[in-house]
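Student: Take 1 as the starting number for the sequence shown in this note's numbering and just add one per residue.
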Amino acid sequence: MRITVPQRGEKLRLSELAEVNARQVLEDRIIALTYADNRAEDALFSLQDELSLKVVPRLMVCFDVSHMQGKETVASAVVFQNGEPSRADYRHMRIKGDWGNDDFQSMQEAVHRYFRRRLDERTPLPDLVVIDGGRPQLSAAHNAFNHLDLPDITVVALAKKEEEVFVQGKKTPLRLDRRNRALHILQRIRDEAHRFAVRYNRKLRTKRTLRSQLGDIPGIGPHRQTVLLRRFGSLKGVKSATKEEIARVPGFSKALASRILTYLGN
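Okay, structure coming up:
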């Protein structure tokens with residue numbers, strides 16, 4: 001392999017033009033990143049002012065609860081570092097309590113479990129906690145804090161539609177201008193927590209549906225359901241498999257494979 005550098009003529013001109021274009025792209029990218037960083041910084045300082053925080057909220061965590069008619073209730077905790085998502089620090093959990101549609105209890109459990117673990121692991125605590133919801137959800141988070149030996153951390157809740165910011169200890173919610181960058185960053189982390197919670201809830205509901213369909217087949221218990229889904233990836237994958245392919249899975253005979261395909265409509 002040979003690399004040649006043009007010294008004259010048209011090729012040299014094209015090479016120089018490519019270098020100029022590359023430098024321009026790099027400079028534009030640096031400017032864009034600097035501008036984005038400045039906007040994030042402005043939003044954080046604005047948030048500090050609006051909420052009268054002692055420190056700039058560089059580490060933020062937001063909670064949301066998601067369920068479908070009280071089933072498969074889950075919670076999310078998303079983290080923003082310096083105004084940007086820190087996806088490696090995202091967490092989700094299944095709510096253990098049988099709370100049904102009671103978002104208050106579910107939120108209280110989620111916040112308590114999250115911070116209990118952070119205290120046990122001695123990991124840094126956030127500068128600001130955001131709750132997706134209104135005053136009831138805010139009270140739930142505050143109750144969870146009361147059961148833990150936590151330092152003074154500001155907790156706010158952002159309600160949808162009216163986009164009112166509820167602050168613990170204040171009777172009247174904040175109504176920030178829709179163009180306010182402090183509101184924008186609260187909306188971003190709130191919407192991200194909602195997205196993350198809904199995605200996990202859908203994942204669990206899909207698994208439950210798949211297991212329900214496979215569970216109707218005689219001889220297919222929880223263990224075999226798990227084995228099938230791991231081997232073929234999805235219910236569609238099981239349906240697309242041949243009798244021979246299913247029978248090659250450890251613990252499955254040709255007779256059982258035939259029964260599975262018959263029940264699944266093949």
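Note that beta-carbon positions come from the ideal geometry of N, C-alpha and C, so glycine has one too.
#1: Determine, using beta carbons only, whether Ser76 and Ala193 come nearer to each other than 7 Å.
#2: Using a threshold of 7 Å, state whether the C-beta atoms of Ala144 and His112 are closer than that.
#3: Nearest to Val74 by CA position, among Arg195, Lys254, Gln213, is which residue?
#4: Does the distance between the C-beta of Gln213 and the nearest non-hydrogen atom of the ligand MG fall short of 6 Å?
#5: Helix, strand or coil for Val56? Go by DSSP, reduced to three states.
#6: Any idea if Leu146 is buried or exposed, counting beta-carbon neighbours within 10 angstroms, 16 or more meaning buried?
#7: Grab the span of the beta strand (DSSP E) containing Ala77 for me, first residue to last.
#8: Could you spell out the range, first to last residue, of the beta strand (DSSP E) harbouring Leu128?
#9: Which of the three DSSP states, helix, strand or coil, is assigned to Arg91?
#10: For Met68, write down the residues that DSSP places opposite it in a beta bridge.
#11: Is it buried or exposed, Ser234, if we count other Cβ atoms within 10 angstroms and call 16 or more buried?
#12: Work out the CA separation of Gly97 and Glu109 for me, nearest whole Å.
#13: Candidates Ile260, His142, Gly70: which alpha carbon is nearest Arg205's?
#14: Straight-line CA distance for Leu261 to Arg231?
#15: Could you give the distance in angstroms between the alpha-carbon of Val167 and the alpha-carbon of Gln105?
#16: What three-state label does DSSP hand Phe166 in the structure shown?
#17: Compare the C-alpha of Glu41 against each of Arg181, Ser240, Ala88, Glu244 and name the closest.
#18: Would you kindly check if the distance between the Cβ of Met60 and the Cβ of Leu128 is under 7 Å?
#19: If you drop the 5 nearest sequence neighbours on each side, which residues of the same chain put their C-beta closer than 6 Å to that of Phe80?
#20: Is Ser66 buried or exposed, if buried means 16 or more other CB atoms sit within 10 Å of its CB?
#21: Within the continuous alpha helix (DSSP H) that includes Val155, where are the two ends?
#22: Contact defined as beta carbons within less than 8 Å: I believe Ile270 pairs with Phe63. What is the distance between those atoms, to the nearest angstrom?
Tutor: Working from what's here:
#1: For the purposes of this step, residue 76 is taken as the residue at position 76 of the sequence shown. For the purposes of this step, residue 193 is taken as the residue at position 193 of the sequence shown. Yes, Cβ-Cβ distance for Ser76 and Ala193 is below 7 Å.
#2: On the sequence shown, position 144 is the one that residue 144 refers to. On the sequence shown, position 112 is the one that residue 112 refers to. Taking the C-beta atoms as reference points, His112 is found nearer than 7 Å to Ala144.
#3: As a working mapping, residue 74 is identified with position 74 in the sequence shown. Ranking Arg195, Lys254, Gln213 by Cα distance to Val74 puts Arg195 first.
#4: Among the components modelled here there is no ligand, and therefore nothing to report on the ligand MG.
#5: As a working note, residue 56 is residue 56 in the sequence shown. The DSSP-derived three-state label of Val56 is coil.
#6: Here residue 146 refers to the residue found at position 146 of the sequence shown. Strictly speaking, residue 146 in this sequence is Asn, with Leu absent from that position. Here Asn146 is exposed. Its C-beta has fewer than 16 other C-beta atoms within 10 Å.
#7: Translated into the one-based positions of the sequence shown, residue 77 becomes position 77. Ala77 -> beta strand (DSSP E) spans 71-81.
#8: Against the sequence shown, residue 128 aligns to sequence position 128. Element bounds for Leu128: 128-132.
#9: Numbered from its first residue, the sequence shown carries residue 91 at position 91. For Arg91, the secondary structure class from DSSP, reduced to helix, strand or coil, is strand.
#10: Stepping through the sequence shown from its first residue, residue 68 is reached at position 68. Lys71.
#11: As a first step, residue 234 is located in the sequence shown; it is residue number 234 there, counting from the start. Counting Cβ neighbours within 10 Å, Ser234 comes out exposed, since fewer than 16 surround it.
#12: By 1-based counting over the sequence shown, the position of residue 109 is 109. By 1-based counting over the sequence shown, the position of residue 97 is 97. Those two C-alpha atoms are separated by around 8 Å.
#13: On the sequence shown, position 205 is the one that residue 205 refers to. Minimum Cα distance to Arg205 is reached at Gly70.
#14: Position 261 of the sequence shown, counting from 1, holds the residue named residue 261. Position 231 of the sequence shown, counting from 1, holds the residue named residue 231. Taken atom to atom, the span from the alpha-carbon of Leu261 to that of Arg231 is near 15 Å.
#15: Here residue 167 corresponds to residue number 167 of the sequence shown, with the count starting at 1. Here residue 105 corresponds to residue number 105 of the sequence shown, with the count starting at 1. The alpha-carbon separation between Val167 and Gln105 amounts to approximately 19 Å.
#16: On the sequence shown, residue 166 is found 166 positions in, with the first residue counted as 1. Phe166: strand per DSSP, three-state reduction.
#17: Numbered from its first residue, the sequence shown carries residue 41 at position 41. A check of alpha carbon separations from Glu41 across Arg181, Ser240, Ala88, Glu244 identifies Arg181 as the nearest.
#18: In the sequence shown, counting from the first residue as 1, residue 128 sits at position 128. In the sequence shown, counting from the first residue as 1, residue 60 sits at position 60. Contact: yes.
#19: The residue labelled residue 80 in the question sits at position 80 within the sequence shown. Excluding its 5 nearest sequence neighbours in each direction, Phe80 has C-beta neighbours in its own chain below 6 Å: Met60, Ile189, listed in chain order.
#20: Numbered from its first residue, the sequence shown carries residue 66 at position 66. Around the beta carbon of Ser66, 16 or more other beta carbons lie within 10 angstroms, which makes this residue buried.
#21: Within the sequence shown, the letter at position 155 stands for residue 155. For Val155, no alpha helix (DSSP H) encloses it; the enclosing beta strand (DSSP E) starts and ends at 154-158.
#22: This structure cannot speak to residue 270, because the chain is shown only from 1 to 266.
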